[in-house]
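Asks:
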Amino acid sequence: MVSSGWCFLASMIFAYGIANLLQSVAAARTTVHHSFDPGLLLRLAGHRTYLIGLGCQVGGFVLAFLARRDLPLFLVQASMAAGLGVTAVLGVLLLRWRLPAAEVVLLALLVVGITGLVLSARPAPSRQLGTAGLVTLAVTFGVIALLGFFAVRLHGAPGSVALGSLAGLAFSAAAVAARPLASTHSAEEFLGEPLLYLLVAHSVVGQLLLGLAMQRGSTTAAVAAMDAAGAVPAAVVGLLLLGDQIWPGREWLAGFGFLVTLTAVLGLTRYAEPQHQHAVTAGRDRAVVGRPPRLGATGPATVQAASTGVRQRATRS
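Structure, rendered in structure tokens:
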């Protein structure tokens, strides 16, 4: 019998792909922040586009949670990167994004890598984390938040990659918490499990860091950095501590698929071009009606404002 985890996995990929696109458009319409300010999430919540994207991300989060009940973390975490393909296709079709040839090749490699992981992954229930695992997740939360406080000072592509990477680490820790949590058998056990609250804490910080990363340039670079940083730690913990399994004789395929996927994702952080521009201040854009918005410091003038959904007459904030 085919595990329901495969259906959850496929649905998760599409949900995250749509979420990435919608949230990046909303982030591009919000004034760029250079501080680790949780108020950014409240300002983004004022955009209907962001709220729809957040709804898709919550849906993807739930689907990923359900997929982790049976599927190994190395597969679920790496498959999140496949949402980049969905994001890129929708961006080209709906927002007129212009993807460089290198990015198209890397997206194709991503598909090859994910296919290898799907063929090698063996569904199995998770082991439980001990007290040491809970303490490690709590300490990791503090470290990520501290690094994020300093990383917001970076601008342009380096800022996108750094903040996206930290978001990936936060979501990776959330995934580690979610794998054994998904095996709980009752609502009382679920609500009383410390892993639940660590999962929520890491997810909130990860969401804030991802929003900051998307403001600084390329959506693809931010999300790719997030996926690359999040895939390896979760995969290692899953295989060593949580009982994740690979079909006998297919270890080489799992290694090949993971390596190709990681290479493609890391390549996307290098070759991705900025797809949107930002308003440094809302008043400046409204002061000169009909004037094209100023170019951000993160990218060249090769991408038109129309491709991002940002109007030239007035930028919402």
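Residue numbering for the sequence shown follows the working numbering, starting at 152 and increasing by one per position.
Every residue, glycine too, gets a C-beta built ideally from N, C-alpha and C.
All values derive from a computational prediction rather than experimental measurement.
1) Taking DSSP's pairing of strands, which residues face isoleucine 265 in a bridge?
2) What are the partner residues of glutamine 396, as DSSP defines its beta bridges?
3) By DSSP, does serine 323 sit in helix, in strand, or in coil?
4) How about alanine 376 and serine 323: are their beta carbons less than 7 Å apart?
5) Can you give the Cα-Cα distance for alanine 313 and alanine 302, rounded to whole angstroms?
6) Given a threshold of 16 other Cβ atoms within 10 Å of its Cβ, counted over all protein chains shown, does threonine 371 qualify as buried or as exposed?
7) Pick from Tyr167, Ile397 and Leu393: whose alpha carbon is nearest that of arginine 220?
8) Alpha carbon to alpha carbon, how far is glutamine 396 from phenylalanine 341? Give it in angstroms, no decimals.
9) Excluding sequence positions up to five away, which residues of its chain have a Cβ less than 6 Å from the Cβ of alanine 233?
10) Between Trp403, Phe409 and Tyr348, which lies nearest to alanine 380 when the distance is taken from Cα to Cα?
11) Can you tell me whether valine 440 is buried or exposed, with buried defined as 16 or more other CB within 10 angstroms of its CB?
12) Just the Cα atoms here: how many angstroms apart are valine 269 and glutamine 366?
13) Pull up the distance between the alpha-carbon of phenylalanine 407 and that of glycine 267, whole angstroms please.
14) Only counting the same chain, and skipping five residues up and downstream in sequence, which positions put a Cβ closer than 6 Å to that of arginine 442?
15) What does a CB cutoff of less than 8 Å around alanine 94 pick up in its chain, not counting 5 residues either side in sequence?
16) If you drop the 5 nearest sequence neighbours on each side, which residues of the same chain put their C-beta closer than 6 Å to that of valine 383?
17) Based on Cα-Cα distance, which residue from Pro276, Leu390 and Ala308 lies nearest to valine 374?
18) Measure the Cβ-Cβ separation of alanine 386 and leucine 257 and say whether it is below 7 Å.
19) Terminal residues of the continuous alpha helix (DSSP H) containing glycine 211?
20) If we ignore side chains and look at the alpha-carbon of each, how far apart do tryptophan 157 and glycine 211 end up?
Replies: This is what the structure holds:
1) According to DSSP, which records beta bridges pairwise, isoleucine 265 is partnered with nothing at all.
2) Arg273
3) In this structure, serine 323 counts as helix in the three-state DSSP scheme.
4) no
5) 6 Å
6) With 16 or more other Cβ atoms within 10 Å, it is buried.
7) Leu393
8) 24 Å
9) Ile164 and Ile265
10) Phe409
11) The predicted position of valine 440 is uncertain, since its pLDDT is 38 and thus under 50; a value taken from the coordinates is nonetheless stated next. It is exposed - the Cβ of valine 440 has fewer than 16 other Cβ atoms within 10 Å.
12) Roughly 33 Å between the two C-alpha positions.
13) 7 Å
14) At arginine 442 the pLDDT is 38, less than 50, meaning the model places this residue with poor confidence; the figure from the coordinates comes in the next sentence. Counting only residues of its own chain and dropping the five nearest sequence neighbours on each side, arginine 442 has no CB closer than 6 Å to any other CB.
15) What the structure shows of the chain is the stretch from 152 to 468, and residue 94 is not part of that stretch, so it cannot be assessed.
16) none
17) When Pro276, Leu390 and Ala308 are compared, the shortest CA-CA separation from valine 374 is found for Ala308.
18) no
19) 199–218
20) 14 Å
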